[in-house]
Amino acid sequence: MPTPSDRGPGSGSVLKRRVAPVRVEAAIHPVVVLAAVAAAAGLLTWFAAGRSKRLGPAPSEGRRYAPRGSAVTASAAQRLNHASSMLAASVLFDSGLEHYRGQFFNRVMYTPIIVSSITFASSLHGAGDTDPGSSRVRHAAQALAGLTGLIGFGYHAYNVGKREGGYSFQNLFYSAPIGAPMALTLAGLLGVVAERVRDANPQAPRLGGLPAGRVLALATAGMLAGTTLEAGLLHFRGAFQNPAMFVPVTLPPLAAALLVRAAGKPEGASQVGATWGMWAVSAMGIGGVAFHAYGVARMMGGFDNWRQNLIDGPPLPAPPSFSGVALGGLAALELLEHRPF
Amino acid sequence: MRIPGLGNAADNPQHGTPGDDPEHHPRARDGRAPNVMRIGEWVPMRQHRDEDEVDFAIVGTGAGGGTLACRLAEYGFSVVAFDAGPYFRPLEDFASDESHQSKLYWTDERIVDGENPLQMGSNNSGKAVGGSTVHYAMVALRFRPEWFKARTLMGYGADWPIDWREMWHYYDQVEDDLKISGPVSYPWGPHRRRYHRRAHEVNAAAKVLARGAEAMGIDWTPTPLATISAPRGDAPPCVYRGFCTLGCSTNAKQSVLVTYLPRALKAGAEIRDLAMVGRIETRNGRATGVHYHREGRWRFQRAKNVVVAGYAIETPRLLLMSANQEFPDGLANSSGLVGKNLMVQGNQAVWGVFDEEIRSYKGPPSLAISEHWNYDDEGRGAFAKDFFGGYSYMSQGPLPQLWANTQASARGLWGEALVAEMQRYNHVAGLKVVSEYMPQERNRVTLSDVEDQYGLPVARITYSWCDNDKALNRHALKFLRQALEAAGGREVWDQSDDTCHLNGTARMGHDPRTSVVDADCRSWDIPNLWICDGSVFPTVGGVNPSLTVQAVALRTADRIFATRAT
Amino acid sequence: MLPRKDLYPGYDVLAKRDGPSWNAKTRAVLDERLGLGPQTRRFFDEAEWSTLTALAERIVPQPADRSDPVPVAALVDDKLASGRQDGYRDAGMPDEREAWRRGLRALDAEARARFGACFHDLNAWAQDELLKLAEAGALTDPAWDGMPSTLFFKHRVLGDVTKAYYAHPTAWNEIGWGGPASPRGYVRMGFDRRDPWEAAEAKPDREAEAFAENLRVGD
Chain A
216 MPTPSDRGPG SGSVLKRRVA PVRVEAAIHP VVVLAAVAAA AGLLTWFAAG RSKRLGPAPS
276 EGRRYAPRGS AVTASAAQRL NHASSMLAAS VLFDSGLEHY RGQFFNRVMY TPIIVSSITF
336 ASSLHGAGDT DPGSSRVRHA AQALAGLTGL IGFGYHAYNV GKREGGYSFQ NLFYSAPIGA
396 PMALTLAGLL GVVAERVRDA NPQAPRLGGL PAGRVLALAT AGMLAGTTLE AGLLHFRGAF
456 QNPAMFVPVT LPPLAAALLV RAAGKPEGAS QVGATWGMWA VSAMGIGGVA FHAYGVARMM
516 GGFDNWRQNL IDGPPLPAPP SFSGVALGGL AALELLEHRP F
Chain B
-7 MRIPGLGNAA DNPQHGTPGD DPEHHPRARD GRAPNVMRIG EWVPMRQHRD EDEVDFAIVG
53 TGAGGGTLAC RLAEYGFSVV AFDAGPYFRP LEDFASDESH QSKLYWTDER IVDGENPLQM
113 GSNNSGKAVG GSTVHYAMVA LRFRPEWFKA RTLMGYGADW PIDWREMWHY YDQVEDDLKI
173 SGPVSYPWGP HRRRYHRRAH EVNAAAKVLA RGAEAMGIDW TPTPLATISA PRGDAPPCVY
233 RGFCTLGCST NAKQSVLVTY LPRALKAGAE IRDLAMVGRI ETRNGRATGV HYHREGRWRF
293 QRAKNVVVAG YAIETPRLLL MSANQEFPDG LANSSGLVGK NLMVQGNQAV WGVFDEEIRS
353 YKGPPSLAIS EHWNYDDEGR GAFAKDFFGG YSYMSQGPLP QLWANTQASA RGLWGEALVA
413 EMQRYNHVAG LKVVSEYMPQ ERNRVTLSDV EDQYGLPVAR ITYSWCDNDK ALNRHALKFL
473 RQALEAAGGR EVWDQSDDTC HLNGTARMGH DPRTSVVDAD CRSWDIPNLW ICDGSVFPTV
533 GGVNPSLTVQ AVALRTADRI FATRAT
Chain C
-16 MLPRKDLYPG YDVLAKRDGP SWNAKTRAVL DERLGLGPQT RRFFDEAEWS TLTALAERIV
44 PQPADRSDPV PVAALVDDKL ASGRQDGYRD AGMPDEREAW RRGLRALDAE ARARFGACFH
104 DLNAWAQDEL LKLAEAGALT DPAWDGMPST LFFKHRVLGD VTKAYYAHPT AWNEIGWGGP
164 ASPRGYVRMG FDRRDPWEAA EAKPDREAEA FAENLRVGD
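Residue numbers (our numbering), protein chains in the order written: chain A, 216 to 556; chain B, -7 to 558; chain C, -16 to 202.
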């Protein structure tokens, strides 16, 4: 097949001048650099948090892969760190994808990727820490995430408002998603709570002077409601074209209601219903990835056209944020029941 | 293994082109028709012999004919729908190329004259199964209610014999059938049901319109479009490839080819592609069937009813060509109005250069719209209205050949001036109207003495603006220019010669003396001859007509079914 | 008037040929078009061909150093030879093929009458003068045989020649158009946004960046 040998009407001399130096720089793709920086930030956090302190032998010898702290506070804290890692991972990949779509038009857009990587690392670190005492590095990292999410929220909100059409459905659908940065705040919040719970009295854990279980149950119920709003908005954008799209707007509110009810029960009462609700929402978050993958396959060109469809299709990393919040709910139930499970 | 709902989206259609030649050999034959949603697959098709007297022979399979064929077949009538064009498989036959895709257009010869001769061929007529909906811009707008009583309420044109509330019901139905993607709430007109899909993301060209509208203090909205923003069955959502007016190769566009016609086939209709109808036969005042040219010879299909749905040039041409001893002036022409009152719509534009990269080739061409001047009858100050009718205007996305031709023919650039200007392609945005021109009897379709490839007389199309049309053009260009400049456009220039859409050459009405068909699209003169396309419009309004053509077709089907005893 | 520039350095739309932006039909269509050489002639005779080639160079001039120029005359010839029509003609015009033959012969006749040489032997200035007269409808040699030169210039010359040139990938590179797009379309549609598979525009003093980006459009 003949191909035009010249590329546009450029003069030869111009072409020659610019050939050599550029290709060397181009060998490392900016995205690779970003990934490396994010990973490095995470690793740094991990090492900065130090070795996990193990005071005494872990009692559950049968579960070597994920040893649990014996105190209910430590166990709940670890679960909270699971929740936080799940959310941070979701934010890491989702913001990576969405901000790649936005071509990192503003340098600020690198922030959530670095910060969520740090959060992810510190949450993972905490997840393996059976010790009741908190870590100052982790605490700081989680607080940073919470703050970053809030700033991001403000930033996104400002961006939507200044678009043509202002705060219209159109811009809520297609410009910077208002709710998305809040996922990072939730990750940070749950991470901070994890550290606080570690420090709390295992017999009567309290948060901010209030009973920890109750506070956390109500807070995660609220988080579930918020996440539902976000999913609802985006599934409305997709016109609920598949009946499965109704699941994330019906199941989580029900589970949240169970959490609220659980908070009202006397301390130490059994929380079987709410526990099942949380597990169901967690499973939904993971199953959602499969449904979203089906959605991507259904776009024109399917996965062959991944450069378009991973971005334009349903976001693969988004649904696990539900699982993250639900794990937080489980931690709350643990504290309410006064026993690790 | 194929997962239901995946359609062909997961099969990258890089894997081959079909071996047959749809432009020269019919595909709908041997008891099957192409399954347009899936590569290489077929669907069964009921077939009729020429000697069988079918309930309906429908000439044309576009917005009017295709929609009607579907509903009539679903009502249980036996239907044969003819189309002069090929039966394309969009996933396999459509290239991303302007030149090649001109195969979708009706490019048989036509002669144009008058003071403002029309440009035919590309944007206003299609020759393919599915008609011009295969390459339309998918803009799905309702008429303003008052337009159905334009003469009584607004003092111009003619009244429609249909009440707007009835039309509103049929609009609901078409919008559901096509799963229109539109804004959550539409700023103009009476309440309507929410669109079935959300509006598409708007591109930079559309944001230019938005900026301009906001600066001028008028409303704008993402355009309701017949291309899906979320999957539907085997159709994937729009990928914003920008070739909409050259045929959608992904089936996101909800053309008649991929919506009503598959339904029609399922309900037992027969579609004959590459079948050019040249004459309607009559006997004792009734139509008895159609003569059509297919596979190299003329044939005759008997039918109890004939529907003409060839759009506003071919419909009057066929009626006039069918003149016989019984009807020496052509069929359905006792009023003398067949071919008269041809209405196009203004398609003037302003274009400007922007500092930002616009790259308007991405996405459907008309992603944003303002209908302000369809609903504001007064205007103020410099923009006081001094004409009847109104206009909407939309953002634009011309591809290189069209853009070069616009720069050359409409702006007069050639040589170095042209190639240099073309290099600013990615920085250009424009606003283009769809405006309401008046019906005039002098604007008409007649038969010339030139013959086409079938030996049939070529249509002669005569068109001139009236003073009202010119006043509207002035207002529109002045307003658009100010809006574009307010949005940041520089070096703004007017494209003042373009038109779009064809309507009105067989108008409907209450009175046999002043109209060709009644409200049910049945001709006054021949009780079993119907006309169902844009030809029946008494007025055109300031919006794209396809949604209204389809709503009228749905109504016609209901009326035929309701009055079938007679 | 702005000068013509190398605005999209290094951009070659054909680099995307084997990627998800081109479907099989597109590749087949473009292969056929790119198979037309500068001397592929099926419709015009030799004299008409020379006039058309010279005429095309005036309507869509190409850089002298372009090693593989767009075969504009061959593309126009191909349209006429394969019988693709616009679908309408002004009542004052003959059909497309006849209009082209008559118009080219008339231009040549005008050139000889006014300058004493064939159209293609005239210098650019003289050719442009004639074309401006045609554009204004001021050419009335009997060779036009009633066809208004202004309609010939507007409908046939401008229409067919510009469409021929901008049907070619080399012209797409020049204006930075994304080119064929199916099954893959576009993602980033806002102001100043481009997908990695679109042409990058050279901003002042940042040509190298654009060049590097443009080498990657086919990735």
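Ideal Cβ positions, reconstructed from N, Cα and C, are used throughout, including at glycine.
- Using a Cβ-Cβ distance cut-off of 8 angstroms, the segment 253 to 262 of chain B and the segment 66 to 82 of chain B are in contact, since at least three pairs of beta carbons, one from each stretch, lie closer than that value.
- Between the alpha carbons of R88 (chain C) and P131 (chain C) lies a distance of about 14 angstroms.
- Taking the C-beta atoms as reference points, F529 (chain B) is found nearer than 8 angstroms to N495 (chain B).
- Under the Cβ distance rule, A454 (chain A) counts among the residues neighbouring chain B, one pair being separated by less than 8 angstroms.
- Around I329 (chain A), the same chain offers V252, A253 and A256 as residues with beta carbons nearer than 8 angstroms, after the five sequence neighbours per side are excluded.
- In the three-state scheme derived from DSSP, where H, G and I count as helix and E and B as strand, R72 (chain C) is classed as strand.
- For the segment 286 to 317 of chain A, residues whose beta-carbon sits nearer than 9 angstroms to a beta-carbon of chain C comprise R316 and G317.
- For E107 (chain B), same chain residues with a beta-carbon under 6 angstroms away, outside a window of 5 residues either side, are S456 in chain order.
- Scanning its chain for C-beta atoms nearer than 8 angstroms, with the 5 sequence neighbours on each side dropped, one finds around D42 (chain B) the residues R291, F292, Q293 and R294, in chain order.
- Residue contact check for Y389 (chain A) against chain B: a CB pair falls below 8 angstroms.
- About 5 angstroms separates the CB atoms of Y169 (chain C) and D178 (chain C); that is less than 8 angstroms, so the two are in contact.
- Looking at the backbone, the Cα of F140 (chain B) and that of H127 (chain B) are separated by about 27 angstroms.
- Distance from the CA atom of D512 (chain B) to the CA atom of P82 (chain B), rounded to whole angstroms, is 33 angstroms.
- Between N116 (chain B) and the set B:A132, B:L96, B:R134 and B:P357, the nearest pair of CA atoms involves B:L96.
- Against chain C, the CB of I103 (chain B) has a partner CB under 8 angstroms away; the residue lies at that interface.
- Taken atom to atom, the span from the alpha-carbon of L464 (chain B) to that of G373 (chain B) is near 16 angstroms.
- For T34 (chain C), the nearest beta carbon of chain B is not closer than 8 angstroms to its own beta carbon.
- The Cβ atoms of A543 (chain B) and C524 (chain B) do not sit closer than 8 angstroms to each other.
- Counting only runs that start and end inside the segment 188 to 233 of chain B, the alpha helix (DSSP H) elements of at least 4 residues fall at 196 to 208.
- Scanning its chain for C-beta atoms nearer than 6 angstroms, with the 5 sequence neighbours on each side dropped, one finds around G52 (chain B) the residues A301 and G302, in chain order.
- Pairing V375 (chain A) with L387 (chain A) gives a Cβ-Cβ distance under 8 angstroms.
- When DSSP states are grouped into helix, strand and coil, S173 (chain B) belongs to the strand group.
- Exposure of F262 (chain A) is indicated by the presence of fewer than 16 other C-beta atoms within 10 angstroms of its C-beta.
- With respect to the C-alpha of G503 (chain A), the residue from A:M514, A:H450, A:L469 and A:L550 having the closest C-alpha is A:H450.
- In the DSSP assignment, G367 (chain A) falls outside any beta strand (DSSP E) and within the unbroken alpha helix (DSSP H) covering R351 to K377.
- Counted as a single uninterrupted DSSP element, the beta strand (DSSP E) harbouring H285 (chain B) occupies residues R278 to R286.
- Within 10 angstroms of the beta-carbon of Q22 (chain C) lie fewer than 16 other beta-carbons, which makes it exposed.
- Listed along the chain, the chain C residues whose CB falls inside 7 angstroms of the CB of W406 (chain B) are I42 and L141.
- Assignment of beta-bridge partners to C492 (chain B) by DSSP yields B:Q337.
- With at least 16 other beta carbons inside 10 angstroms of its own, K146 (chain C) counts as buried.
- By DSSP's assignment, S427 (chain B) forms a beta bridge with B:G338 and B:Y383.
- Residue burial is scored here from C-beta neighbours: Q418 (chain A) has fewer than 16 other C-beta atoms within 10 angstroms and is therefore classed as exposed.
- Using a 10 angstroms sphere on the CB of L133 (chain B), the tally of other CB atoms reaches 16 or more, which defines it as buried.
- If you look at K296 (chain B), you'll find it in the beta strand (DSSP E) that goes R289 to V300.
- In the DSSP annotation of this structure, the continuous segment of the alpha helix (DSSP H) that includes P245 (chain A) starts and ends at P245 to A263.
- Contact between R41 (chain C) and D111 (chain C) holds: CB atoms are separated by about 6 angstroms, below the 8 angstroms threshold.
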